[in-house]
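Student:
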Ligand code: GH3
Ligand code: MG
Ligand code: MG
Ligand code: MG
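In our numbering, the protein residues as written are 82 to 431.
(1) Considering only DSSP beta bridges, list what residue 381 is partnered with.
(2) Smallest Cα separation from residue 349: which of 289, 391 and 396?
(3) Can the beta-carbon of residue 359 be found closer than 8 Å to that of residue 310?
(4) Is residue 170 near ligand 2, judged by its Cβ being under 7 Å from some heavy atom?
(5) Roughly how far, in whole angstroms, is the beta-carbon of residue 294 from the beta-carbon of residue 347, given that I think they are within contact range, below 8 Å?
(6) The beta strand (DSSP E) spanning residue 169 covers which residue range?
(7) Measuring alpha carbon to alpha carbon, tell me which residue in 337, 191 and 156 is nearest residue 297.
(8) Could you tell me whether any non-hydrogen atom of ligand 2 is closer than 7 Å to the CB of residue 126?
(9) Under a Cβ-count criterion, where at least 16 other Cβ atoms within 10 Å of its own Cβ denotes burial, should residue 123 be classed as buried or exposed?
(10) Could you pull the start and end residues of the beta strand (DSSP E) that residue 335 belongs to?
(11) Below 8 Å CB to CB, which residues in the same chain sit around residue 408 once its five sequence neighbours on both sides are set aside?
(12) With a cut-off of 8 Å on the beta carbons, I'd call residue 291 and residue 275 a contact; round off their distance for me.
(13) With a threshold of 7 Å (Cβ to nearest heavy atom), would residue 341 be considered close to ligand 4?
(14) Tell me which residue opens and which closes the alpha helix (DSSP H) that residue 178 is part of.
(15) Just to confirm before moving on: does the CB-CB distance between residue 345 and residue 255 stay below 8 Å?
(16) Excluding sequence positions up to five away, which residues of its chain have a Cβ less than 7 Å from the Cβ of residue 413?
(17) Using only the alpha-carbon positions, how far apart do residue 352 and residue 323 sit?
(18) Classify residue 349 as helix, strand or coil using the three-state DSSP reduction.
(19) Would you report the Cα separation of residue 327 and residue 376, rounded to the nearest angstrom?
(20) Excluding the 5 residues preceding and the 5 following residue 306 in the sequence, name in chain order all residues of the same chain whose CB lies nearer than 7 Å to its CB.
(21) Could you name the residues whose beta carbon sits closer than 7 Å to any heavy atom belonging to ligand 1, keeping them in chain order?
(22) Measure the alpha-carbon distance for residue 372 versus residue 332 and round it to whole angstroms.
Have a look at this one:
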């Protein structure tokens, strides 16, 4: 275990007593030994303080960025991938520590930067000013090494907790917007995208196409191969469909074995090509399932709207659905489309 460095200088750092050091050592050891190095910004204009802080903080396992004035510190905190922990001197050339806090907190930021202010001021109203400006904690000079260590440790804990919260929120967002089996967007998300893209195509006077795809005789896969095989086919089908579309298209699971594709900027001709690409990607090669292979085809209903005939999502969905119905009734493994001004036509598989 790394012990405290004591005393560094009678001028600047006061040592901990033996008893203080012992208990603080125990508290702090877990962080400095087990956790990954954390980036720590130190802004301090006094070269002696700076040197002392450099020695002690590097020894505690922080990845240090040391600057001498507030403007430099702000540039780093306001730049890309800023440090999550900052030790800022209150009095510095350029911006002072309190002003940096104010700027940091003026707009919500993620991830959060935890700030400890260093100050020679001890008047309560000064300290209140610092905390009101958005500092998370403060230390008064001369610094005590053990106090510095535990305050930074508290900051590190907050940062780690926030990281866990951000991960949990991200996982919840993923769960709420994606389908658990295939990893595709779920029904609510793909319908929301359809609404947004329709609004955009109206605004920009562009075409939009919608594909509704249904796997053919999928119940047979479950009945003859079991539900696990059915699930494996759904997962693999999702991958194949995803790799057959353009980057700006969206694909989601609409229902059990039904999928929706939103193709912004696509007129009928391009949408037909894309639908055929998807149909071929599913139908050409067999799917690997536990204990063998299975062939699966799909039927697709296509509805599109041109730049000057905007549609609402309900109408477009109904048209894609009725085109799908026609594709099914015409023998499956095919594409049918329904344009606003013409009857449903059938594209037979080659
Ligand atoms: P059609 O060509 O007319 O579409 O025939 P089909 O058998 O595909 O259609 P049907 O609606 O009769 O059956 C769909 C099947 O999809 C029934 C259901 O058990 C299955 N299914 C839906 N969701 C899942 C799932 O998540 N996993 C598995 N394994 N099967 C699913
Ligand atoms: Mg100073
Ligand atoms: Mg179905
Ligand atoms: Mg089906």
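The C-beta atom is built at its ideal place from N, Cα and C for all residues, glycine as well.
Keep in mind that this is a model prediction, so the values were computed, not measured.
Tutor: Taking the geometry as given:
(1) 294 and 416
(2) 289
(3) no
(4) yes
(5) The Cβ separation is near 15 Å, so there is no contact.
(6) 166-170
(7) 337
(8) yes
(9) buried
(10) 331-336
(11) 380, 381, 382, 415, 416, 417 and 427
(12) 7 Å
(13) no
(14) 178-187
(15) no
(16) 297, 378 and 380
(17) 15 Å
(18) helix
(19) 25 Å
(20) 370 and 375
(21) 262, 295, 296, 297, 298, 299, 300, 301, 303, 308, 311, 312, 315, 337, 338, 380, 409 and 413
(22) 29 Å
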